[in-house]
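The structure appears right after this line, and notes come after that.
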Amino acid sequence: MKNSCIFLLFLSCFSLFLGSVLAITANITTTQHLRDPDELVSRNSTFKFGFFSPVNSTNRYAGIWYSQNNSDILEVIWIANRDNPLNDSSGVISISEHGDLQLLDGQNNTLWSSSTIAADHEANSTVAVAQLLDTGNLVLLSNASGNIIWQSFDHPTDSLLPLMRVILDENTNTSRQLTSWMTASDPSTGRFRAGINSRFLSEIFIWDNGDRPYWRSGPWNGHVFIGVPTMYYFALIDGFRLDDDHEGMFGLSFSSAAQRVTEHYVLTYDGIVAQRDWDEDTRNWTVIWQSLESECDVYGRCGEYGSCNSNNSPICDCLRGFEPRNSQEWREGNWSSGCVRRTPLQCGVIGSGENGFLRLRNMKVPDNAETLLSVDEEDCRSQCLGNCSCLAYSYYLGIGCMIWRESMIDIQEFPSVGVDLYIRLAQSELDETGSRWRLILPITLVSGAAIAALVVFYLWRRMRRRNERSAINKETQLQSIKLEYNFDDVNLQDLPVYKFEELVVATDNFAENNKLGQGGFGPVYKGELEDGQEIAVKRLSRASGQGLQEFMNEVDVISKLQHRNLVKLLGCCVDAEEKMLVYEYMPNKSLDAFLFDPQDRELLDWKKRLNIIEGICRGLLYLHRDSRLKIIHRDLKPSNILLDEDLNAKISDFGMARIFGGKEDQGNTKRVVGTYGYMSPEYAMEGRFSEKSDVYSFGVLLLEIISGRRNTSFNDDDSLNLIGYAWKLRNEDDILSLIDPTINDPCFQGEILKCIEVGLLCVQEFPEERPSISTIISMLDSEIADLPQPMQSKIVHPRRSPSPQYYGREVCSVYNESFSSQISGR
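With mature numbering (1 follows the signal peptide of the UniProt record, and there is no 0) as the guide, the letters of the sequence shown map in order to residues -23 to -1, 1 to 803.
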């Protein structure tokens, strides 16, 4: 008994000791203070407010940090007294008699105060309470009304959390910005700050030592900042929202795609904005994205009229028509002096031919862009050409006409997603042969005579044999194209060739009412041959130089394939400048014509949709495994799934496909092609593709078939796209809401839910996590309900795709009029 009493006395003393070391406080009131090392904890225990010391420092600061940590290093997101630290542990946080939240030292000196007395906070109410919310926001509330008197979200330090706002008020010339720490162990006000710059267009800037630009996001187009290519693919970017009241007030905020409160941005002491998130697997904070990913991201790295490309060596080069201002510095790798024009502009009247524009593709547009309102792309060009002070222009969806009157700086060339920039040059600079004309004139005269003789001979031969052409002649023409455009590996021996006149008759001279679709490749027409066979004729546009490569690629790929779930190529036609592909005609056109039509999609019950899904799988299995060559489609989407008279699926449009030989199983490209919203992350951002790239596209397609909704049809603030929406519903245990109501039959729910899980497995972030198409078929055929658990990706495509005309040439699907965006490098 005596021992028990001693033990209980020991426990009581130990509990009192622990309480003196660390007390968990719910609120701070006028009577309940927060003393070092006490902590104020949010309701869900995500955030803590209290006292801390940075690494390698004995100073004490009052701040907010995440509860998650794997060491003594805290993820601090807000500091009260960053420039006025305590030198001991005597700090106390309390509410003053006037209702201010304040930090006092051991001598009752005020080191920091919320300074709410001057604010309108129900002046008669001096009783308040401080709470730490689950959002990480420390708020001071009126005890009388519960209204917020003061909040830490209005006074950020170096971090931006969901629901926080960075603000610029041009009317009062005030702003709410992020400010870096001085060093990793000193949280006092540092060198760098980040915020909104709206001199001409709204952008995010990082400034160094006051007002010197250090990094720039590029203009906001309503969805993304166009100078950051990864913003088109990362969920973090599409979560951004930039509000403009058109009266001088701008506000930037973001929301987490997965509604993760641990996801946040921090401006580091060395001037980098980084998106960080807590990884439960590694029990560590990880960087998902950061503003400076290469040396080219530093503002003005190559000086005025210099362009930076991180894939080149050296990374800096003068724009065409310009030369280094200081050649010696340039050779030594110091590009800060930039470039100057080689030939001065001779600005005269429009059409004088003295000036013109050079098109630069996939660019980060320069700083200091001005906008011309209510101007289309053609007027944008003409107005710039007619204004002698206009040095360049660009036209971009969501922004409109941008022009540059000042010297151009901070130009970058991207490998894929970017903007077309048109710079003004003297005509002599635009004429690539102008400077060499004197050297090649004699050769030109001799060559011209020879060419003229050849042309006469060719015309004579053409007229003589016009009505005698045969398949052999057409094959010869195809072979000449192969030689001219280096398509030596294209096998055309067994491909039927149609006469041009045949197809003119079949399509009623390519009548408009026979037109099935239109895109960058050219139009697609329905036709009927003399024997009554219906065909689809894909006609290469004469203006489409890029389309020729896709034409030959499609001939090469599909001529080698034969499968019931692939569209059948019947032949081709080559007649001078005319180049056409002839396919079997699909009376039900494409899947999206049914799936996304409010009335027609009711014709697709679950059994029909499942049959379509299985048909796509069989077609992909043939491409990936069963054909004699492994083929990656690279543009799988609803408009490229054609439906025959029995609604059987047939994969079409092989213009983007790639053939793998031998033991190859993946490839790389600098020219990323495909359709926005269906491209896998590794392909869209790194140019890496494999059969798992097609699996990702199939996963998106599978979710679309089940939901009856386009991947890019979401307008709510919570979900970026169909993938994000599916994960949101799954996390909320409401996945049945994803199913198209027209097929939501309880008899098939188990089967449909299995397909949803398969779809989520297919759209996982990393290729190695996705199942192969053969595994997918096994999953769909199996009666076993247990499937691997899909991992939610942090990378999803944003809900709206940019207009194809601003990202490259449009690519036509065989039957559908919707276009896919091609993102191609220079």
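Don't be surprised by glycine CBs; every beta carbon is placed ideally from N, CA and C.
Rounded to whole angstroms, the separation of the alpha carbons of W312 and E306 is 7 Å. The three-state reading of DSSP puts E240 in coil, since its state is none of H, G, I, E or B. Boundaries of the alpha helix (DSSP H) harbouring V677: 668 to 684, taken from the DSSP string. DSSP links S136 through a beta bridge to V243. Residues D146 of the same chain have their beta carbon placed closer than 6 Å to that of M226, with the five preceding and five following residues left out of the count.
Between the alpha carbons of D256 and L472 lies a distance of about 55 Å.
For E622, no alpha helix (DSSP H) encloses it, and the DSSP letter there is neither H nor E.
One alpha carbon belongs to L679, the other to V544, and they sit about 20 Å apart.
Selection A661, V352, D220, A403 evaluated against S393 yields A661 as nearest (Cα-Cα). Between I636 and V534, the gap from beta carbon to beta carbon is short of 8 Å. The secondary-structure analysis by DSSP pairs N174 across a beta bridge with E180. Here C594 is not near I716, since their CB atoms are 8 Å or more apart.
W704 carries a helical assignment under DSSP once its states are collapsed to helix, strand and coil. Fewer than three Cβ pairs drawn from the region 28 to 36 and the region 246 to 254 lie within less than 8 Å of each other, which leaves the two stretches out of contact.
As the crow flies, the alpha-carbon of F182 is around 14 Å from that of D135.
Taking the CA atoms as reference points, P575 sits about 26 Å from N542. Distance between N289 and E272, taken at the CA atoms: about 12 Å. The beta carbon of F675 sits closer than 7 Å to the beta carbons of I593, L597, L613, C739 from its chain, once the five residues preceding and following it are set aside; these are given in chain order. Counting C-beta atoms within 10 angstroms of its own C-beta, C732 has 16 or more neighbours from the protein chains shown and is therefore classed as buried. Look at I292 here: in three-state DSSP terms it is coil, with no helix or strand label. Every beta strand (DSSP E) of 3 residues or more that sits fully in the region 57 to 135 is shown, in chain order, as 69 to 72, 78 to 81, 87 to 90, 105 to 109, 115 to 119, 125 to 128.
Taken through DSSP and simplified to helix, strand or coil, Y599 comes out as helix. In the displayed model, R358 falls within a helix according to three-state DSSP. For R59, the closest C-alpha among the options R170, P164, S73 is that of P164. The criterion of a C-beta distance shorter than 8 Å is not satisfied by M557 and K503. In the three-state DSSP reduction, V352 falls in the coil class, being neither helix nor strand. The three-state secondary structure of E331, taken from DSSP, is coil.
For T263, the uninterrupted beta strand (DSSP E) segment begins and ends at 261 to 267.
The Cβ atoms of L402 and L337 do not sit closer than 8 Å to each other. With respect to L581, P615 sits apart: the two C-beta atoms are not nearer than 8 Å. In the three-state reduction of the DSSP assignment, Q154 falls in the coil class.
Within the same chain, L538, H540, N542, L543 come within 8 Å of Y599 by CB-CB distance, once the 5 residues on both sides are set aside. Look at the beta carbons and you see the region 292 to 311 not touching the region 357 to 368: under three pairs across the two are nearer than 8 Å.
Annotation: S230 is outside any alpha helix (DSSP H); the continuous beta strand (DSSP E) that includes it extends over 226 to 231.
By the beta-carbon neighbour count (other beta carbons within 10 angstroms, threshold 16), I292 is buried. Across the structure, V481 and F487 are spaced so that their CA atoms are roughly 6 Å apart.
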